[in-house]
Structures are given as C-alpha cells and as structure tokens.
Amino acid sequence: MPKNFQSSSNVACAVLILAAGQGKRMRSSLPKVLHEVAGQSMISHLLDRVREALPGAPIGLVVGHGRDQVEAAIHAYPGVNELNLTFIDQPEQRGTGHAARCAMDSAWGAEVVRKKIPVLVLPGDLPLVSAELIREVSETLGRSAWMRLLSCELPDPTGYGRVIRKGKTGPVLRIVEEKDASDRERLVREVGTSIYCFNSAFLKSGLSRLSTKNAQGEYYLTDLVAQASRAKKGVEVLVWPHAEELRGVNDLWELSEAGRLLNERCLRRWAKNGVKFVAPQSTWVESTVVFEGTAEVEPNVLLKGTTRIGDGARLGPHLVLKNVQVGPQAVVKAGTVAEDAIIGAQAQVGPYAHLRPGTRVGEACKVGNFVELKQTSLGKKTSVAHLSYLGDAEVGARVNIGCGFVTCNYDGKSKSKTVIEDDVFMGSDCQAVAPVKIGKGAYVASGSTITADVEAGALAVARSRQVVKPGYASKYRK
Numbered sequence: 006m007p008k009n010f011q012s013s014s015n016v017a018c019a020v021l022i023l024a025a026g027q028g029k030r031m032r033s034s035l036p037k038v039l040h041e042v043a044g045q046s047m048i049s050h051l052l053d054r055v056r057e058a059l060p061g062a063p064i065g066l067v068v069g070h071g072r073d074q075v076e077a078a079i080h081a082y083p084g085v086n087e088l089n090l091t092f093i094d095q096p097e098q099r100g101t102g103h104a105a106r107c108a109m110d111s112a113w114g115a116e117v118v119r120k121k122i123p124v125l126v127l128p129g130d131l132p133l134v135s136a137e138l139i140r141e142v143s144e145t146l147g148r149s150a151w152m153r154l155l156s157c158e159l160p161d162p163t164g165y166g167r168v169i170r171k172g173k174t175g176p177v178l179r180i181v182e183e184k185d186a187s188d189r190e191r192l193v194r195e196v197g198t199s200i201y202c203f204n205s206a207f208l209k210s211g212l213s214r215l216s217t218k219n220a221q222g223e224y225y226l227t228d229l230v231a232q233a234s235r236a237k238k239g240v241e242v243l244v245w246p247h248a249e250e251l252r253g254v255n256d257l258w259e260l261s262e263a264g265r266l267l268n269e270r271c272l273r274r275w276a277k278n279g280v281k282f283v284a285p286q287s288t289w290v291e292s293t294v295v296f297e298g299t300a301e302v303e304p305n306v307l308l309k310g311t312t313r314i315g316d317g318a319r320l321g322p323h324l325v326l327k328n329v330q331v332g333p334q335a336v337v338k339a340g341t342v343a344e345d346a347i348i349g350a351q352a353q354v355g356p357y358a359h360l361r362p363g364t365r366v367g368e369a370c371k372v373g374n375f376v377e378l379k380q381t382s383l384g385k386k387t388s389v390a391h392l393s394y395l396g397d398a399e400v401g402a403r404v405n406i407g408c409g410f411v412t413c414n415y416d417g418k419s420k421s422k423t424v425i426e427d428d429v430f431m432g433s434d435c436q437a438v439a440p441v442k443i444g445k446g447a448y449v450a451s452g453s454t455i456t457a458d459v460e461a462g463a464l465a466v467a468r469s470r471q472v473v474k475p476g477y478a479s480k481y482r483k
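If you use the working numbering, the sequence shown corresponds to residues 6 to 483, in order.
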C-alpha cells in the first residue's frame, strides 16, 4: 500500500496533480511548474491551497520533464512534511490523458480504485486557484454521476477547450479543444478549466479507451466528458463565477499577469488588516511576506521572501527588502536595500542605506545615508549617521560612528572581526584595521587609523604629524 493511504482509511478525496509538462511557450529550460510568481513557484502556490482545502488528502503528483528538479523543489517546499505525497513518473509526455493514465496505472492509482476514492485532477500551472474552489469541486459526486467538470465563461475563450452542450443550456456532451473545434464551436464562450472530480473506477477504465485521433496527436483528458455523456452517466458541471482564479500560465506574459493578480489579492488582504499602501499600483509584496499590525508603505516598494514588518513601521519609497525583519515603529527611508537582515524596534534606516546579509540593527539605532553594513550588529541607540562601511563588526550600545568610518576587515585572504564596545565615540574619517577591539567608553580622534586594541576609557590618536612646505604647490603645478 502506498504510504499516503496508510494514515487514513476514510479519505474523502484523492488529488492528482499534473506537473510533467515542459511548457515550451515559457521559452525556458526550467520545468513549467517551477517558474516563480509572487515569490513562490506555481506548484508551491497550488500545494498551499490543497493543504488548506484538503488536509491529509493522498496526493499523486505526475512528473516528467525536469523530474529531478521538480522533485527537489517539492522536497524543499516548506510544507512538504504536511503532504501525503507520491511522485508518479510520466516517462514521455503524450498529453493530459496519458499523464492521468500513468497515475491510475501506478500503485497509487490502484489503491485509489480499491478504496473507491474520488479523484480531483488539477493542473500544476494554476497559481491563482483558491482553497474554496478546491473544496467545492471535490465535494461528493451524485450517485448517478461519473465526473464533475469545472467550467467558466470567458469574454475571450481563445486557447481553451470549449464546453459543448445539448442546446444552449442543456447537459454537457463533450469538450472540444480549440485546435479541433469548428468555427461555430469556437464561438462558444464556456470553457473547460482542466479541473475535474472523477469516480475513480470510471477514470481508470475511461483512460484506457482514449485515442490520439486529434490535431495534436495526444491523449486528451477532456475526452472523458464525451465518454460519460455517451454512456448516459451524469456529468455534473460546476460553473465557477471567478474566472481570474482559473487563468492558466502558458507563457511569460501570462506568468506576469498571474503575478499582478496575486499581488493585488495580497495588497487587498493586508490593507483590510490595517496596512496603508500609498500607491498600490507600484507596490509589490510577495505572498510569503507578513505584516504584524498596522504599517504605512510608500510608492515603489518591493517586499520579498520571509520579510516581516512590525506594527507601526513606516516604509519609505523605492525600497527593496528581502528576508528582512523590521521591528515595531521602525522607519526605513527612501532608497534602502536590505537582505537577510534585522532592523530593531524604533530604529531609523536610510535614506540610501545598504544592509547586507547578517546585519542586525538594534533598537532605536540610526543608520543614515550611504551606510553599508555586512555581518554587523549594532547595539541599542547606536548611530552610524552617514558615509560609512562596517563589515564583520560587533558594535555595542550608544556608540557614535562618525562620518566616513571604515572597517578594514579583509586582508586579501581572510576576513577578521572588529569589536567596538558600548559608549565609544568614533570620530570622522577613521579606519579600524581588523582584528581589533576598541574598549568601552573610548574616544578615537578624527582621521585615526586604528591598528591595535584601544583600552576602555582611553583616547586614541593615530595619525601622522602635519607637514607644511612653503612654495611647494607651485612646483607641483609645473
């Protein structure tokens, strides 16, 4: 018995995800379902919704093109341990019907049939689908029904299979793919969405009767609709009113459109929870970003990855934050770029600061314009006001870093650490040649190059004596 049937003997529905296609129109060697939109791959978006709608359901995931890449990506998916997942190989891609047949001919499919579990079929390239849709289409089939078809009406149905009914509103007779449709059939605006719920026994037997007599020479899963209709078995139809949820992704433009729609959803959700977006049309927030309360976000802001924004934070214009934790009441000013960093509560960062990975800005700190920090921690109320670089540094609380300070942390072979303890005053235009330690409460005079440790409470002056030579300027000009 496949492992994902062992935990439950009363599974309401199994899920079959078709993710084997290459997606030639994507113009990329990357498997189609791994293309990212709103910070996640398309298959990750779909798995999130399946977990939400049908927790614990046995999932058969058909892989083929780029199988190793797809499997590796899903093993790295954050919710993978919550999935009841079996990978099923489609060694050659011969259409959706062939993919489903590979699944139903596998041990996974045999167990589905043995337990008489309905099968929900989902394409792997539907990042906009909702949990509500998945729940509704997977509801128990009527006694006389062999399958449920999800359809919708589109103002422009180009590219979709048309739902052909008996009369205008009668029972569904078949779905005809666009390449096989007549001119009259192409005028139909009701389309199939490649989402179905099947009686598993019918799915198994029906797949074995498919043929490739069509324009693409493939096995069409849509042909099962005509099979059920000819057998006088019920084809239930769920007409979904929210067409945008059913938009597939077949090329990079459609991927961009899916990203736009996901972004609008994300912004709307956070706005209703107290986040003010001054210009939502220019703001991009990936689906993995979290706002922990109210916040204000100005135009042209990009928030990515695992970024978390604290209550009352304010984000100025033209920011890029990736995997950044912004504390409550913090202010991040215009032009700041940060990645894998922490900004403490009530801190002020920017404008035009660069926080590189490993940076920790403490509570109520000030990091000003044109400051770059890398693998550096700043203690509470420390100020690095402008035009400085600190790398591989540990800076204590209430430290003042003057303009133009640089840690010289790399000797060409390895990097060393600079330690600046609490209450140090660092004058302007200084350098610290690591490894070096400046003790608590020390003062460092402007223009000093510190190459040795400075003890606590000391004054360090490390600059050469000024030499003035009268008349030399005219010699240099010549």
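For each residue, glycine too, the CB sits at the ideal point set by N, CA and C.
Spatial distance of residue i from residue j (CA atoms)
i	j	result
Gly-28	Pro-36	7 angstroms
Glu-344	Val-329	6 angstroms
Thr-293	Asp-53	11 angstroms
Val-124	Cys-271	30 angstroms
Ser-12	Thr-91	Note that Ser-12 scores a pLDDT of 49, beneath 50, so its modelled location is shaky; the value from the coordinates is reported in the next line. Straight-line Cα distance between these residues: approximately 14 angstroms.
Lys-418	Gly-310	32 angstroms
Pro-362	Arg-72	32 angstroms
Gln-471	Val-283	54 angstroms
Phe-296	Lys-442	38 angstroms
Thr-288	Asn-278	17 angstroms
Val-230	Asn-219	15 angstroms
Gly-355	Glu-368	15 angstroms
Phe-430	Val-331	27 angstroms
Ala-358	Thr-387	15 angstroms
Gln-353	Met-47	36 angstroms
His-247	Leu-155	12 angstroms
Glu-269	Ser-261	12 angstroms
Val-20	Glu-97	21 angstroms
Tyr-415	Leu-324	29 angstroms
Gly-102	Gly-44	31 angstroms
Ala-402	Arg-365	12 angstroms
Gly-175	Gly-211	23 angstroms
Gln-232	Ala-81	39 angstroms
CB-CB length for residue i against residue j, believed under 8 angstroms
i	j	result
Gly-498	Ala-276	Any answer about residue 498 is impossible in this case: the structure gives the chain only from 6 up to 483.
Ala-439	Ser-421	4 angstroms
Leu-320	Ala-300	7 angstroms
Leu-39	Gln-74	6 angstroms
Gly-129	Ile-22	5 angstroms
Ala-347	Ala-335	Inspection of the sequence shows that residue 347 is occupied by Ile rather than by Ala. Actually they do not touch by this definition, with Cβ atoms about 10 angstroms apart.
First through last residue of the beta strand (DSSP E) which encompasses residue i
i	result
Val-168	167-170
Asn-268	Here Asn-268 belongs to no beta strand (DSSP E); instead the alpha helix (DSSP H) covers 257-276.
Thr-364	No beta strand (DSSP E) contains Thr-364, which DSSP labels as neither H nor E.
Gly-65	63-68
Ala-343	342-348
Gln-380	371-383
Ile-122	Neither: Ile-122 is in no beta strand (DSSP E) and is coded neither H nor E.
Glu-241	239-244
Ser-199	195-203
Endpoints, alpha helix (DSSP H) assigned at residue i
i	result
Leu-395	No alpha helix (DSSP H) contains Leu-395, which is instead part of the beta strand (DSSP E) from 388-400.
Arg-189	188-191
Met-47	47-58
Gln-232	228-235
Met-109	101-109
Ala-77	72-80
Val-142	136-142
Pair within 8 angstroms by beta-carbon distance, residue i and residue j
i	j	result
Cys-157	Val-244	yes
Gly-134	Leu-159	A quick correction: the sequence has Val, not Gly, at residue 134. No, these two residues do not count as a Cβ contact at 8 angstroms.
Ala-450	Val-424	no
Gln-221	Lys-281	no
Gly-239	Gly-147	yes
Ser-234	Val-181	no
Val-42	Leu-267	yes
Ala-263	Arg-274	no
Cys-408	Ala-390	yes
Asn-255	Arg-30	yes
Gly-462	Ala-447	yes
Val-411	Leu-383	no
Own chain, CB closer than 6 angstroms to residue i, minus 5 neighbours either side, in chain order
i	result
Phe-207	Trp-151
Lys-209	Met-109 and Val-118
Val-193	Arg-167
Thr-145	none
Tyr-165	Val-196
Asp-397	Gln-380, Asn-414, Lys-420 and Lys-422
Chain-order list of residues whose beta-carbon lies under 8 angstroms from that of residue i (same chain, five-residue window excluded)
i	result
Cys-18	Leu-59, Ala-62, Ile-122, Pro-123, Val-124, Leu-125, Ser-143 and Cys-202
Any non-hydrogen atom of the ligand PLP closer than 7 angstroms to residue i Cβ
i	result
Val-38	Absence of the ligand PLP from the depicted structure is noted, as is the absence of any ligand whatsoever, leaving it without description.
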